[in-house]
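See structure below.
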Amino acid sequence: MDDFVQLVSLLASTVRLSIPLILCALAGLFAERAGVVDIGLEGKMLAAAFAAGTVAALSGSAWIGLLAAIVVAVAFSMIHAFACITHRGNQVVSGMALNVLAVGLTAVLAFAWFREGGQTPALSGAARFAPIVLPFAETIGQAPIIGPIYARLISGHNALVYLTVAIVPIVSFVIFKTRFGLRLRAVGENPHAVDTAGISVAWLRYRALICTGVLCGVAGSYLATAMASAFQREMTAGRGFLALAALIFGKWMPVPAVLACLLFAFADALQGRLQGVALPVVGVVPVQAIQALPYLLTVLLLAGFVGKAVAPKASGIPYAKEK
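First residue of the sequence shown: 1455, per the working numbering; consecutive thereafter.
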């Protein structure tokens, strides 16, 4: 029974660690399905985390922090859109520039405003998203098998976790069942055909990047006000790139991308529990090697197991209206 409880706790950690990956992967899905390569997910999430940590600390409200995070992430997304859609700039260069800008700007502002070594003040009370205990969790938790699953795996997460669970089917519905989603997929495959139908390619791509910014904002807010209790320098730790890898591994489909995020998060949760533990045959593995497990898994999956991943045909190609 103890082993089962440990397994449930590991899966609960997997869910919590997967949230920023899932939100970022879905954010990238909107951009890349519209034909815009977005490697700036990392920077948008980091800037959003700083905004959430700062505003939550000043206002004492995690929800106001979430709103600020969304505003900042959408602003970063609009910079990317202005450079790549309006001025038809290189999308990779623009994304990398946003990443570099976010790393430098957040560190400088955090040091200048708070002087706490590049982080925002610690959050507590209403400034953080607290765990939510679902009804009857304590009673049902006493039951064998189903008890630990309900009390530890389903109950006890914060509001953003449950919000993300609801966002996944919504995004899938929007992409594949709505007129906006149909046009979004069409503009990523053949923008000339969409333009011929009288639909503005630029405005459609702008709307896609607004959706990207909103989801990156929620992801950043989750990092600073739910998973941690403050913004810390470079706290995204490559999650934006992992999400992009999950999107490619999932072949630009929402559900497979989410499953890939859960796999990466499971590797991350597992490495946390393997540190300092003596493994059969190999003994205690160095901490650095254990911490590299999620990234090693990413390389292996992308290099050897992803198969043929075909991006949207117009991905990364600036659109110029024919005259």
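Note that beta-carbon positions come from the ideal geometry of N, C-alpha and C, so glycine has one too. The structure presented is a predicted model; accordingly, all values stated were derived computationally and were not measured.
Which residue marks the beginning of the alpha helix (DSSP H) containing residue 1404, and which one marks its end? Since the first residue shown for the chain is 1455 and the last is 1777, residue 1404 is missing from the structure and cannot be characterised.
Report buried or exposed for residue 1481, applying the criterion of at least 16 other Cβ atoms within 10 angstroms of its Cβ. The sequence position of residue 1481 within the sequence shown is 27, counting from 1. Classification for residue 1481: buried.
So, does the stretch 1472 to 1488 touch the stretch 1673 to 1681, judging by three or more C-beta pairs under 8 Å? yes
Which residue's Cα is closest to the Cα of residue 1590: 1608, 1577, 1575 and 1583? Stepping through the sequence shown from its first residue, residue 1590 is reached at position 136. Closest by alpha carbon: 1608.
Compare the Cα-Cα distances from residue 1621 to each of 1730, 1568, 1558 and 1665 and report the closest residue. In the sequence shown, the residue the question calls residue 1621 occupies position 167. Per the Cα distances, 1665.
Between the CA atoms of residue 1751 and residue 1745 - distance to the nearest angstrom: Numbered from 1 along the sequence shown, position 291 holds the residue referred to as residue 1745. Numbered from 1 along the sequence shown, position 297 holds the residue referred to as residue 1751. The alpha-carbon atoms of residue 1745 and residue 1751 are separated by roughly 11 Å.
Using the beta-carbon count (16 or more within 10 Å), is residue 1763 buried or exposed? Position 309 of the sequence shown, counted from the start, is the residue given in the question as residue 1763. It is exposed - the Cβ of residue 1763 has fewer than 16 other Cβ atoms within 10 Å.
Can you name, in chain order, every residue of its own chain whose Cβ lies under 6 Å from the Cβ of residue 1625, other than the five neighbours on each side? In the sequence shown, the residue the question calls residue 1625 occupies position 171. Closer than 6 Å at Cβ, skipping near neighbours: 1480 and 1708.
Scan the stretch 1502 to 1531 and note each continuous alpha helix (DSSP H) run of 4 residues or more that stays entirely inside, going in chain order. none
Could you pull out every unbroken alpha helix (DSSP H) segment of at least 4 residues lying fully inside the stretch 1593 to 1645, listed in chain order? 1613 to 1631 and 1633 to 1643
Is there at least one Cβ from chain C nearer than 8 Å to residue 1567's Cβ? Among the chains in the structure shown there is no chain C, since it carries only a single protein chain.
Determine the burial state of residue 1659: buried for a count of at least 16 other Cβ atoms within 10 Å of its Cβ, exposed for fewer. Counted from its first residue, the sequence shown places residue 1659 at position 205. The residue is buried, with at least 16 neighbouring Cβ atoms inside 10 Å.
Mapping DSSP to helix, strand and coil, what is residue 1733? Counting from one through the sequence shown, the residue named residue 1733 turns up at place 279. Residue state, collapsed to three classes: strand.
Below 8 Å on the Cβ atoms is my contact criterion, and I expect residue 1619 with residue 1637 to pass it. Report the Cβ-Cβ distance as a whole number of Å. Residue numbering aside, residue 1619 sits at position 165 when the sequence shown is read from its first letter. Residue numbering aside, residue 1637 sits at position 183 when the sequence shown is read from its first letter. The Cβ separation is near 27 Å, so there is no contact.
Taking the alpha-carbon positions, what's the residue 1717 to residue 1702 distance? Position 263 of the sequence shown, counting from 1, holds the residue named residue 1717. Position 248 of the sequence shown, counting from 1, holds the residue named residue 1702. Roughly 14 Å between the two C-alpha positions.
Would you report the Cα separation of residue 1695 and residue 1753, rounded to the nearest angstrom? Residue 1695 sits at position 241 when you count from the first residue of the sequence shown. Residue 1753 sits at position 299 when you count from the first residue of the sequence shown. Roughly 12 Å between the two C-alpha positions.
Assuming residue 1506 and residue 1560 are in contact, meaning their beta carbons sit under 8 Å apart, how far apart are those beta carbons, in whole angstroms? If you number the sequence shown from 1, residue 1506 lands on position 52. If you number the sequence shown from 1, residue 1560 lands on position 106. At roughly 11 Å, the Cβ-Cβ gap does not stay under 8 Å, so residue 1506 and residue 1560 are not in contact.
Residue 1553 - containing alpha helix (DSSP H), residue span: As a first step, residue 1553 must be located in the sequence shown, where it is residue number 99. Its alpha helix (DSSP H) spans residues 1545 to 1568.
If we ignore side chains and look at the alpha-carbon of each, how far apart do residue 1549 and residue 1738 end up? Translated into positions along the sequence shown, residue 1549 becomes position 95. Translated into positions along the sequence shown, residue 1738 becomes position 284. If you take the alpha carbons of residue 1549 and residue 1738, they lie about 39 Å apart.
If you draw a straight line from the C-alpha of residue 1721 to the C-alpha of residue 1714, how long is it? One-based indexing of the sequence shown puts residue 1721 at position 267. One-based indexing of the sequence shown puts residue 1714 at position 260. C-alpha separation (whole angstroms): 11 Å.
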